[in-house]
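Here's the structure we're looking at; comments come further down.
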Amino acid sequence: MIFFGGKDMFDPVSCTYTYLLADVDSKESVIIDPVIEWAERDSELIRELGLNLVYALNTHVHADHITGTGTLKRLLPGCMSVISKESGAQADILLNHGGRVPFGKNSLTAFMTPGHTAGCMTYVCEKQGIAFTGDTLLIRGCGRTDFQGGSSETLYQSVHSVIFKLPDNFKLYPAHDYKGLTVTTVAEEKTYNPRLTKSLEEFIEIMKNLNLSKPKMIDKAVPANKVCGLYEVERKEEI
Ligand code: FE
168 MIFFGGKDMF DPVSCTYTYL LADVDSKESV IIDPVIEWAE RDSELIRELG LNLVYALNTH
228 VHADHITGTG TLKRLLPGCM SVISKESGAQ ADILLNHGGR VPFGKNSLTA FMTPGHTAGC
288 MTYVCEKQGI AFTGDTLLIR GCGRTDFQGG SSETLYQSVH SVIFKLPDNF KLYPAHDYKG
348 LTVTTVAEEK TYNPRLTKSL EEFIEIMKNL NLSKPKMIDK AVPANKVCGL YEVERKEEI
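Residues in the sequence shown are numbered consecutively from 168, following our numbering.
Right under this line is the structure:
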């Protein structure tokens with residue numbers, strides 16, 4: 168499998184990681200959590216590698232950046248947008264828990280992992296031993312739970328009942344990292360995550376006292392992402 172992510176596909180403004188996965192033989196590929204400002208970069212890379220982008224997935228309706236899905240659909244016709252049904256967003260494909268997204272001989276399985284938002288999903292590629300946790304589980308952290316139908320208790324259950332149940336050696340790729348870290352494992356987070364190794368009660372207390380300011384982009388990003396970024400594309404083209 169061809170894999171791009173980490174610092175190669177980073178948005179420094181929102182500290183978002185985008186991931187591109189491709190099946191070597193069929194050249195079918197999927198992109199996870201693209202960012203609108205980097206859609207041209209991503210489509211260029213896909214073209215250079217001779218890949219066919221079949222799906223553009225989002226782990227959730229992001230509040231800190233506008234998704235690149237709408238622009239990628241325009242740049243690479245035939246590509247379909249994918250998000251969870253529970254997210255309430257519009258997309259070509261709405262996933263339920265256990266839904267599969269195939270690309271060549273590989274596939275992603277979608278697991279509902281709500282808590283950061285009500286519609287968060289973790290995408291797991293069992294064959295490669297990797298998972299994309301969105302904002303549900305970050306490296307030594309987790310996403311905030313005070314907006315978009317978030318719930319600390321729900322996030323805790325999602326991590327413990329889904330992500331921590333994956334094999335210990337599975338590599339975990341988050342949607343963001345603010346310190347430049349790029350990858351972790353199930354075993355590492357089960358041992359060292361300073362929040363999610365605590366009891367549920369302690370975790371809820373930690374999340375209650377984060378005192379974070381409102382995400383700067385939320386009023387612009389959430390409505391745009393509910394239509395997979397297309398709103399912003401149309402608006403930009405009108406200006
Ligand atoms: Fe988020």
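The C-beta atom is built at its ideal place from N, Cα and C for all residues, glycine as well.
* Flag Gly310 as yes when its Cβ comes closer than 7 Å to any non-hydrogen atom of the ligand FE, and as no otherwise. => yes
Subject >> Selection from Ser181, Asp302, Ser274, Asn376 that minimises the alpha carbon distance to Ile330 >> reply: Asp302
Val389 to Ala354 span [Cα, whole Å] = 33 Å
* Opening and closing residue of the beta strand (DSSP E) in which Ala298 lies -> 297 to 301
Problem set entry | Residues near Pro361 by beta carbon distance below 8 Å, same chain, minus five either side | Arg307, Gly308
**Request:** Within the same chain, show all residues whose beta-carbon is closer than 6 Å to that of Ile199, passing over the 5 residues directly before and after it, in chain order.
**Result:** Tyr186, Leu224, Phe299
(Q) Within a Cβ cutoff of 8 Å, which residues of the same chain sit near Lys383, ignoring the five residues on either side of it in sequence? (A) Asp231
_Nearest residue (CA-CA) to Glu207, options Cys395, Tyr323, Lys332, Arg241_ = Arg241
- Task: Just the C-alpha distance for Tyr222 and Gly271, rounded to the nearest angstrom, thanks.
- Result: 12 Å
request  = May I ask you to report which of helix, strand or coil DSSP gives Asn219?
outcome  = strand
*Indicate, with yes or no, if the ligand FE has a heavy atom lying under 7 Å from the CB of Ala230.*
yes
Once the 5 residues before and after Ser193 are set aside, which same chain residues still bring their CB inside 6 Å of it? Gly271
**Request:** Can you give me the start and stop residues for the alpha helix (DSSP H) that Ser319 sits inside?
**Result:** 319 to 328
First and last residue of the alpha helix (DSSP H) that includes Tyr359?
353 to 359
| said: So, at 6 Å on beta carbons, what are the nonlocal neighbours of Asn392 in its own chain, with the 5 sequence-adjacent residues on each side left out? | reply: Val228, His229, Thr234
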